[in-house]
Amino acid sequence: MNAKQKLRLGDTDVVRIGLGTNRLTKTPEHIAFVKEAVAAGVSVIDTAHTYVGGESEETIGAALSPIPEDCIVATKGGWTGARPKVLRAEIDESLRRLQTDSIALYYLHRVDPQTPLEESLGAIKESHDSGKIRHVGVSNVGIDQIERARQVVPIAAVQNRYNLSERTYEDVVDYCAREGVVFVPYFPLHGAGGPAFAQVAERHSATPAQAALAWLLKRSPTMLPIPGTLSLEHVKENLAALEIELSQAEFQALP
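Have a look at this one:
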């Protein structure tokens with residue numbers, strides 16, 4: 105795997121296409137799937153305290169504990185409120201579900217309008233300083249909020265909704281590239297369609313989804329998409345997009 109297909113996330117070199125798990129339920133089949141996805145080359149798995157009522161985290165814990173050193177399992181807290189007391193409880197619950205004593209990457213899932221950002225991140229920083237969390241991220245944020253967050257604790261990653269059809273956060277993508285912060289777009293495959301896609305995909309013997317991932321990878325050197333799937337076939341197809349190098353003309357031709 106060449107250098108363009110990996111990037112540095114915190115203290116770990118990871119493959120630039122990860123796995124989203126917002127539909128992962130705790131079944132023997134899904135536990136096996138997570139193991140197979142890591143064996144296939146996935147090194148970033150994204151989950152959250154809220155996903156499937158906690159089953160996503162539990163499934164990952166059952167599949168991977170102890171989590172391999174070269175695999176980053178990222179989770180998130182604070183979706184339904186981000187008061188320090190709530191976040192402390194959610195962090196401890198995520199640790200139990202993931203069967204680990206240290207979460208590699210923990211995001212504030214969204215800014216709580218009722219709680220100052222600095223207070224929410226202060227609670228996460230406590231867990232960072234005590235070793236419960238190795239690296240901190242923020243999600244659903246603008247540049248001003250990222251800069252405020254960085255005054256509290258180092259920010260390793262930003263996760264926002266971004267794809268070919270939803271590009272509200274263009275400025276955040278560019279900011280993260282300048283600052284060396286990993287940008288993790290969720291719902292990365294939305295908007296992958298139309299004649300231009302079909303032409304580019306055909307030229308590379310690829311699927312439209314692979315073309316969309318290739319576009320994201322070219323868009324920024326710190327981009328790390330996390331397409332969600334429960335299919336090992338799709339995991340392998342997504343990882344194969346790392347081999348696609350779009351020309352500048354192809355990049356610009358896609359909407």
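Here this note's numbering is used: the first residue of the sequence shown is 105, the next is one more, and so on. For glycine and all other residues, C-beta sits at the position ideal for the given N, C-alpha and C. Remember, predicted model here, so these are calculated numbers, not experimental data.
| Check | Outcome |
| --- | --- |
| Helix, strand or coil, according to DSSP, for Y290 in the structure here? | strand |
| What residue from L113, L358, R120 has the CA that sits closest to A315's CA? | L358 |
| Just list the alpha helix (DSSP H) runs in the segment 216-249, keeping only unbroken ones of 4 residues or longer that don't cross its boundaries, in chain order. | 221-234 |
| Which residues does DSSP list as the beta-bridge partners of K110? | V119 |
| Can you grab the Cα-Cα spacing for the pair H232 / H294, in whole Å? | 34 Å |
| Are there three or more Cβ pairs, one per stretch, closer than 8 Å when the segment 217-234 is compared with the segment 180-198? | yes |
| Where does the unbroken alpha helix (DSSP H) through Y279 begin, and where does it stop? | 274-283 |
| Give me the residue from K139, T116, T219 with the minimum Cα distance to V286. | T116 |
| Output the boundary residues of the beta strand (DSSP E) element that contains I259. | 259-265 |
| For a quick check, are the C-beta atoms of V148 and L328 less than 8 Å apart? | yes |
| How is the alpha helix (DSSP H) around V142 delimited, first residue to last? | 132-144 |
| Are the CB atoms of L199 and K236 within a distance shorter than 8 Å? | yes |
| Using the Cβ count rule (16 or more neighbours within 10 Å means buried), how would you classify F355? | exposed |
| Nearest CA to the CA of S169: which residue from I207, K340, E283? | I207 |
| Tell me whether the segment 123-143 and the segment 252-262 touch, counting them as touching only if at least three CB pairs, one residue from each stretch, are closer than 8 Å. | no |
| For L212, which three-state DSSP category applies? | strand |
| Between which residues of its own chain and N244 is the CB-CB distance below 8 Å, once the five residues before and five after are set aside? | H213, R214, V215, Q263, N264, R265 |
| My understanding is that L209 touches G241, with C-beta atoms under 8 Å, so please give their C-beta distance in whole angstroms. | 6 Å |
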